[in-house]
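Student: Have a look at the structure that comes next, please.
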Amino acid sequence: MCFIFKHKVTLKRFLVYYFLYGFGIVLLSIGLKSFLSADELFISNYWLLFTYLFFLTLIAFFVSYIGAGKEGQIGAMAIMGGLVFKFLFALSFFVFLRFKTEEDLMLLGLNFIILYFLLTVFEVVGLLRILRLRK
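If you read the sequence shown in this note's numbering, its first letter stands for residue 241, the second for the next number, and so on.
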């Protein structure tokens, strides 16, 4: 994934790459559903979960990006705050889906963890690139 951020990372460039990355995840999901007929790999609320985590990651990135511009420990606290904010809201949505739907718990957890991990890795790599170039 580091090949994406070879040039100077600006907010506009990150947003373009992030939406392309999200589109890639969508294409992969559609491909798995249609070509492998892997409907049993996805929960019925998969697209709701994906959309929620996608935009939650975007919000958390903006919080971290704004905070990263601050000096010293305030910047580090803003980045950690963005990640914790994302984790708490994502986990609360997982609990909401757990109790409001009749999904297989193992499948729900697997879909949540995979999407959360994929989106968080991209966010963290983008933030590290931005911080590295600011110094």
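Heads up, the beta-carbon is just placed ideally off N, CA and C, and yes, glycines get one too.
Remember, it's a predicted structure, so these values are computed and weren't measured experimentally.
According to DSSP, is E343 helix, strand or coil?
Tutor: Along the sequence shown, one-based indexing puts residue 343 at 103. Of the three classes helix, strand and coil, the one that applies to E343 here is coil, per DSSP.
Student: Excluding sequence positions up to five away, which residues of its chain have a Cβ less than 7 Å from the Cβ of F325?
Tutor: In the sequence shown, the residue the question calls residue 325 occupies position 85. The residues are A300, V303.
Student: By DSSP, does I265 sit in helix, in strand, or in coil?
Tutor: Looking up residue 265 in the sequence shown gives position 25. Looking at I265 - three-state DSSP - the assignment turns out to be helix.
Student: May I have the straight-line CA-CA distance separating L255 from E343, to the nearest angstrom?
Tutor: As a first step, residue 255 is located in the sequence shown; it is residue number 15 there, counting from the start. As a first step, residue 343 is located in the sequence shown; it is residue number 103 there, counting from the start. Going from the Cα of L255 to the Cα of E343 covers about 32 Å.
Student: Fully enclosed by the segment 263-342, which alpha helix (DSSP H) runs are 4 residues long or longer?
Tutor: Fully enclosed alpha helix (DSSP H) runs of 4 or longer: 286-308, 313-340.
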